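Asker:
Numbering (mature numbering (1 follows the signal peptide of the UniProt record, and there is no 0)), first residue to last: -18 to -1, 1 to 536.
#1: Please look up how many angstroms separate the CB atoms of residue 458 and residue 362, rounded, as I've assumed it's under 8 Å.
#2: Out of 35, 28, 461, which one is the CA nearest neighbour of residue 447?
#3: Can you have a look at residue 296 and say buried or exposed, based on whether 16 or more other CB atoms are within 10 angstroms of its CB?
#4: With the cut-off set at 8 Å, would you say residue 529 and residue 348 are in Cβ contact?
#5: Just how far apart, CA to CA, sit residue 482 and residue 75?
#6: DSSP three-state label for residue 170, please.
#7: Going by DSSP in three states, residue 318 sits in which element: helix, strand or coil?
#8: Got a sec, what are the start and stop residues for the beta strand (DSSP E) residue 38 sits in?
#9: May I have the straight-line CA-CA distance separating residue 359 from residue 398, to the nearest angstrom?
#10: On the premise that residue 291 lies in contact with residue 167, defined as a C-beta separation below 8 Å, what is that separation, rounded to the nearest angstrom?
#11: Mapping DSSP to helix, strand and coil, what is residue 313?
#12: Below 8 Å between beta carbons: does that hold for residue 414 and residue 488?
#13: So, is residue 518 buried or exposed, given that buried needs 16 or more other C-beta atoms within 10 angstroms?
#14: Using C-beta distances below 8 Å, list every residue in its chain close to residue 136, excluding the 5 sequence neighbours before and after it, in chain order.
#15: If residue 50 and residue 11 are in contact, beta carbons under 8 Å, what's the gap, nearest whole angstrom?
#16: Rounded to a whole number of angstroms, what is the C-alpha to C-alpha distance between residue 215 and residue 225?
#17: Quick one: grab the DSSP three-state call for residue 532.
#18: Just verifying my parser: in three-state terms, what is the DSSP assignment at residue 151?
#19: So, helix, strand or coil for residue 29, using DSSP?
#20: Would residue 340 and residue 504 qualify as a contact pair, given that the criterion is a beta-carbon distance under 8 Å?
#21: For a minimum of 4 consecutive residues, which ranges assigned as the alpha helix (DSSP H) are wholly contained in the stretch 203 to 283?
#22: If you run the structure through DSSP and keep just helix, strand and coil, what is residue 23?
#23: Return the CA-CA distance between residue 227 and residue 212, expressed in angstroms with no decimal places.
#24: Which partner residues of residue 382 appear in the DSSP bridge assignment?
#25: Would a C-beta distance cut-off of 8 Å place residue 463 and residue 412 closer than the cut-off?
#26: Do the CB positions of residue 491 and residue 445 come within less than 8 Å of each other?
#27: For the stretch 391 to 469, list the beta strand (DSSP E) runs that are entirely contained and at least 3 residues long, ordered along the chain.
#28: Among 372, 317, 318, which has the Cα closest to the Cα of residue 344?
#29: From what residue to what residue does the beta strand (DSSP E) around residue 358 run?
#30: Can you list, in chain order, the residues of its chain with a C-beta nearer than 6 Å to that of residue 187? Leave out the 5 residues immediately preceding and following it.
#31: Using DSSP with H/G/I as helix, E/B as strand and the rest coil, what is residue 113?
#32: Among 79, 391, 261, 106, which has the Cα closest to the Cα of residue 301?
#33: Please classify residue 259 as buried or exposed, where buried requires at least 16 neighbouring CB atoms within 10 angstroms.
#34: State the DSSP-derived secondary structure class of residue 197, mapped to helix, strand or coil.
#35: Report the CB separation of residue 273 from residue 263 in whole angstroms; it is logged as a contact under 8 Å.
#36: Does the beta-carbon of residue 198 have 16 or more other beta-carbons within 10 angstroms, so that it is buried, or is it exposed?
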């Protein structure tokens, strides 16, 4: 299961963390600055900017509210016209955003559930947070206690994990993967919190694989069955405890500074040893020092990290969250996506009968770079021996049957479409382009519609539903918003007769966010743009015409 989850997440690796990026020659339209996020939300709601607003943190700690970008040249006149029309406040201005450090999610917390949304810990319970902390401890990213408090240290650990493994900011799916991994570890090793009554301490231990090798009144030693891991426990007077820490530190490598804590009620001594590590902790409880030492070789460092992060004089906390909680629901959703069979979409490609050199199928592609890389559907090119895009020979750079996407290289200088840097809202206006029924119509068709649903068939969160008409051969075509930015890739239409009812204008597109993640995971760079002035239908058609080409399959 974990290998499949890793494969899926690697396919969805997206660009690194959201930074302030304004296209060259543009400036961002700043409509307000506020000191707190509640004030930000109040302003956005009052002006009705919910679908367009983006919020950035300034270096002075304030939050800037923006409404997309416009060209620097003439920006003052355009903003003045917007002020006269009453569509923006009178103190709005244009900024290159040089003094802003990062984009900030401004919407209030919503229940977890969208796997491919940016990770949000706010809906999670303390046991769910504790489970994620345990997983990040085992992965080597989190150094701290398993306290269930999701603070800066926990978030930084998740950021490191996502960046290292997937080269992206953390998503809910990454949290689901971590939870699945640690659940597997707990099940395989029998990890459980144990109350050690004679020490008045609690510890998370791999109990199914620990063997008691020595046991006395005030001392016990446990060894792992298969790994170089030992856990020693003792209850000592102050003098003996001090001597023990001193003796242990004498073995610390000369070149490595040990980690030590010396408090009235807590002593810790820790240091690396030949690829492994020793950790010694003593808590003053009821007049004596409850002492636990963990020794680990290189193969047991994750075990040492988990045990030492869990040590507490408190009763054993709950580390297994509710089966109905958001974290385990996301684990289940991720597992279902892995298990879902890939639909056979070959019949959706326009396929005239082959004869001679005639194509066996057709579809649509559009350029996403200025050096000849185009995007289409996997099912458009899956059966092709040779491919042409706009009459030019094309090669497959990357493809994903799981998400029905393929990147093709044509070469030369091309006119690309830029992806929207914003999430597409429900009922947003969209325009699609494609070459449907190429043997009959023969030319580019452009149709308009709206986003009917933010999910695809069966609640598929990798797709959106659109109302623009789609025919065989439209597959792989672009979906742009009213600002001319890419928000999806046309992928399929629902059968016209379903359940005895005629179905019309029920069509689907791969989400723009998934397409961006696919390109990023394959090292293909693309442009993003903020919403600026809406395009006229004629300008949208011209933009689509320049970037969209027919695909022929031979």
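Beta carbons are placed, not taken as given, at the ideal position from N, Cα and C, and that holds for glycine.
This structure is a prediction, so every number in the text was calculated from the model and none was measured.
Answerer: Let me spell this out:
#1: Indexing the chain shown from 1 puts residue 458 at position 476. Indexing the chain shown from 1 puts residue 362 at position 380. Between residue 362 and residue 458 the Cβ distance is about 5 Å, and since that is below 8 Å, they are a contact.
#2: Stepping through the chain shown from its first residue, residue 447 is reached at position 465. If we check each option's Cα against that of residue 447, 461 comes out closest.
#3: Mapped onto the chain shown, residue 296 falls at position 314. By the neighbour-count rule (16 or more Cβ atoms within 10 Å), residue 296 is not buried but exposed.
#4: The residue you call residue 529 lines up with position 547 of the chain shown. The residue you call residue 348 lines up with position 366 of the chain shown. Against a cut-off of 8 Å, the Cβ pair of residue 348 and residue 529 comes out as a contact.
#5: Residue mapping note: residue 482 aligns to position 500 of the chain shown, counting from 1. Residue mapping note: residue 75 aligns to position 93 of the chain shown, counting from 1. Since pLDDT at residue 482 reaches only 40, below the 50 mark, its modelled position is unreliable, and no value is offered.
#6: Translated into the one-based positions of the chain shown, residue 170 becomes position 188. DSSP places residue 170 in helix when its eight states are reduced to three.
#7: Locating residue 318 in the chain shown gives position 336, counting from the first residue. Three-state DSSP puts residue 318 in a helix.
#8: Counting from 1 along the chain shown, the entry for residue 38 is found at position 56. Residue 38 -> beta strand (DSSP E) spans 36 to 40.
#9: What you label residue 359 is simply residue 377 of the chain shown in a count that begins at 1. What you label residue 398 is simply residue 416 of the chain shown in a count that begins at 1. The straight-line gap from Cα to Cα measures roughly 17 Å.
#10: Within the chain shown, the letter at position 185 stands for residue 167. Within the chain shown, the letter at position 309 stands for residue 291. About 14 Å separates the two Cβ atoms, so there is no contact after all.
#11: Counting from one through the chain shown, the residue named residue 313 turns up at place 331. In the structure shown, residue 313 sits in a helix (DSSP, three-state: H, G or I).
#12: Numbered from 1 along the chain shown, position 432 holds the residue referred to as residue 414. Numbered from 1 along the chain shown, position 506 holds the residue referred to as residue 488. Result no, Cβ atoms of residue 414 and residue 488 do not sit closer than 8 Å.
#13: Taking the chain shown and counting its residues from 1, one reaches residue 518 at position 536. By the neighbour-count rule (16 or more Cβ atoms within 10 Å), residue 518 is not buried but exposed.
#14: Along the chain shown, one-based indexing puts residue 136 at 154. Excluding sequence neighbours, residue 136 sits near 103, 111, 114, 115, 118, 124, 126.
#15: Within the chain shown, residue 50 is the residue found at index 68, counting from 1. Within the chain shown, residue 11 is the residue found at index 29, counting from 1. The Cβ separation is near 6 Å, so the contact holds.
#16: Translated into the one-based positions of the chain shown, residue 215 becomes position 233. Translated into the one-based positions of the chain shown, residue 225 becomes position 243. Computed Cα separation, rounded: 16 Å.
#17: Stepping through the chain shown from its first residue, residue 532 is reached at position 550. Residue state, collapsed to three classes: strand.
#18: As a first step, residue 151 must be located in the chain shown, where it is residue number 169. Note: residue 151 maps to coil in three-state DSSP.
#19: Your numbering for residue 29 matches position 47 in the chain shown. The answer is helix: DSSP assigns residue 29 an H, G or I state.
#20: Indexing the chain shown from 1 puts residue 340 at position 358. Indexing the chain shown from 1 puts residue 504 at position 522. Result no, Cβ atoms of residue 340 and residue 504 do not sit closer than 8 Å.
#21: 220 to 231
#22: Walking along the chain shown from the start, residue 23 turns up at place 41. Helix.
#23: For the purposes of this step, residue 227 is taken as the residue at position 245 of the chain shown. For the purposes of this step, residue 212 is taken as the residue at position 230 of the chain shown. Rounded to the nearest angstrom, the two C-alpha atoms are 17 Å apart.
#24: Residue numbering aside, residue 382 sits at position 400 when the chain shown is read from its first letter. The partner list for residue 382 (beta bridge, DSSP) reads 387.
#25: The residue given as residue 463 occupies position 481 in the chain shown. The residue given as residue 412 occupies position 430 in the chain shown. Yes, these two residues count as a Cβ contact at 8 Å.
#26: Numbered from its first residue, the chain shown carries residue 491 at position 509. Numbered from its first residue, the chain shown carries residue 445 at position 463. Yes, they are a contact pair.
#27: 411 to 416, 427 to 435, 445 to 448, 460 to 463
#28: Taking the first residue of the chain shown as 1, we reach residue 344 at position 362. Residue 344 has its Cα closest to that of 372, out of 372, 317, 318.
#29: Translated into positions along the chain shown, residue 358 becomes position 376. Taken as a continuous stretch (DSSP letters only), the beta strand (DSSP E) holding residue 358 covers 355 to 358.
#30: Taking the chain shown and counting its residues from 1, the one referred to as residue 187 is at position 205. Excluding sequence neighbours, residue 187 sits near 176.
#31: For the purposes of this step, residue 113 is taken as residue 131 along the chain shown, with counting starting at 1. It is helical.
#32: Counting from one through the chain shown, the residue named residue 301 turns up at place 319. Answer by Cα proximity: 106.
#33: Position 277 of the chain shown, counted from the start, is the residue given in the question as residue 259. Classification for residue 259: buried.
#34: Here the question's residue 197 lines up with position 215 in the chain shown. The answer is strand: DSSP assigns residue 197 an E or B state.
#35: Here residue 273 refers to the residue found at position 291 of the chain shown. Here residue 263 refers to the residue found at position 281 of the chain shown. Correct: roughly 7 Å between the Cβ atoms.
#36: As a working mapping, residue 198 is identified with position 216 in the chain shown. The residue is exposed, with fewer than 16 neighbouring Cβ atoms inside 10 Å.
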